[in-house]
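Okay, so here's the structure we're looking at.
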Amino acid sequence: KNEVEQSPQNLTAQEGEFITINCSYSVGISALHWLQQHPGGGIVSLFMLSSGKKKHGRLIATINIQEKHSSLHITASHPRDSAVYICAAGTPGGGADGLTFGKGTHLIIQP
Amino acid sequence: KAGVTQTPRYLIKTRGQQVTLSCSPISGHRSVSWYQQTPGQGLQFLFEYFSETQRNKGNFPGRFSGRQFSNSRSEMNVSTLELGDSALYLCASSLGLAGYLEQYFGPGTRLTVT
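Those sequence lines, one after another, are chains A and B. Using this note's numbering, the letters of the first sequence correspond one by one to residues 1 to 111. Using this note's numbering, the letters of the second sequence correspond one by one to residues 112 to 225.
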């Protein structure tokens, strides 16, 4: 079973700061997912990656397969980025049952 | 294209009752997955359906069941509710198996058991 660790658990920063959230997993994966959950519960899929780097607007996700580590970066952070960010590791051959979720990083961006 | 919808959004039930939650996936998506989210355990996989077949089930008791219809809509049922079943129940749909493809989540059903 994959073990997924996220850090930090909580992060408070000022508007405009560069944010980094880390995710480590223990066994080989098919893909690494980054999810965003706003208060109220709805979850949005931000990225799904199996190698390299992806960018969408101010969000950047990277993954290092050898080190079993992924990072989510937010540039020029804004209060609307305040949310819980969750990473999920998918094991090869698995569907949703193969997804292991991290506990989440609670991010607050203050104006 | 309409997103994933879940009904009802909020539900209050009494211990011992049963409840049915509904999920309508994005048109064309054949996989529907269900998750339970609690403050203590985080997100936990319940089951995944693909083309009306349950593909797998998470580590939950038999009181939790589900099904998928020919139009890919899915329902999950919890019988003999316990206080510990209070949670946010999320469904997600994808074109194929969730581990390999992006999932699209619904807004969730918040179940409170008293």
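Even glycine gets a Cβ: it sits at the ideal position worked out from N, Cα and C.
*From the DSSP output, which residues share a beta bridge with A/A31?*
The partner list for A/A31 (beta bridge, DSSP) reads A/G90.
*Enumerate in chain order the residues of its own chain whose CB-to-CB distance from B/A198 is below 7 Å, with the five nearest sequence positions on each side excluded.*
Hits under 7 Å: Q147, Q148, T149 and L222.
*Short-range partners of chain B found in the segment 4 to 18 of chain A, where Cβ spacing is below 8 Å*: none
*Would you decide whether B/T125 is buried or exposed? Buried here means 16 or more other CB atoms lie within 10 Å of its CB.*
exposed
*B/R221 lies in the beta strand (DSSP E); which residues open and close that run?*
T220 to V224
*By how many angstroms is the C-alpha of B/G217 removed from the C-alpha of A/C198?*
Not covered by the structure: residue 198 of chain A. The range shown for chain A is 1 to 111.
_Reduced DSSP category for B/L208 - H, G, I as helix; E, B as strand; rest coil_ = coil
_In this structure, how does DSSP classify B/R184 when only helix, strand and coil are distinguished?_
coil
*Which residues in the same chain as A/E3 place their Cβ atom closer than 6 Å to its Cβ, once the five residues preceding and following it in sequence are excluded?*
S26
*Residues near B/S162 in its chain [Cβ-Cβ closer than 6 Å; skip 5 each side]*: R141
*Between the segment 102 to 110 of chain A and the segment 50 to 67 of chain A, do three or more beta carbon pairs fall short of 8 Å?*
no
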